[in-house]
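Here is the structure we will look at, set down as structure tokens.
Numbering (the numbering used here), first residue to last: 7 to 189.
In structure tokens:
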């Protein structure tokens, strides 16, 4: 039975702090590196010539905000996964971590699709899929640890915001979408 911290008091599914800390020491820098590599390889910077030609929504934050936001979000979701990892053989743990891995893989495809391939509408579909799998992850995490589920909440909020930005960019720039151009 979970308490308010999501830590199990005893038994085979008890919380193993050392295991969670070790997982966090691997996951936090790992996710930061993977996210940074995806952004760098995709050219998702202010130097992206294609992106600089786009009409952007009024709510579009300055470029550096994205790097800061994603660093915080990757850290939070990595800690959430580490907390779940630290719960040993709790029913649903394996499913929760599998969903986490799936949403992360989907997440890492967005930048190449949007910034490298210039596929604005398909990128919006990726955000939609990412959101659905992230919500499933949150529910699966909640079965293991409420703390882990809450740590994922800012990520869900950001995905809604990112989806709204993506949708607005598509509406403002229909001729810039390589999918629409048949490229």
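Note that beta-carbon positions come from the ideal geometry of N, C-alpha and C, so glycine has one too.
{"Item": "Sub-8 Å separation of residue 158 and residue 86 beta-carbons", "Value": "yes"}
{"Item": "Within 8 Å, strictly: CB atoms of residue 110 and residue 91", "Value": "no"}
{"Item": "Local conformation of residue 125 per DSSP, three classes", "Value": "coil"}
{"Item": "Residue 68 beta carbon less than 8 Å from that of residue 174", "Value": "no"}
{"Item": "Candidates 122, 113 and 93, of which the one nearest residue 151 by Cα", "Value": "93"}
{"Item": "In chain order, each beta strand (DSSP E) run of at least 3 residues that lies wholly inside the region 90-146", "Value": "none"}
{"Item": "Backbone CA spacing between residue 58 and residue 121 [nearest angstrom]", "Value": "11 Å"}
{"Item": "8 Å Cβ cutoff met for residue 179 and residue 133", "Value": "no"}
{"Item": "Where residue 177 falls, given that 16 or more other Cβ within 10 Å makes a residue buried", "Value": "exposed"}
{"Item": "For residue 38, the nearest candidate out of 73, 53 and 170 (CA to CA)", "Value": "73"}
{"Item": "Euclidean distance between Cα positions of residue 101 and residue 155", "Value": "14 Å"}
{"Item": "Collapsed DSSP secondary structure at residue 21 in the structure displayed", "Value": "coil"}
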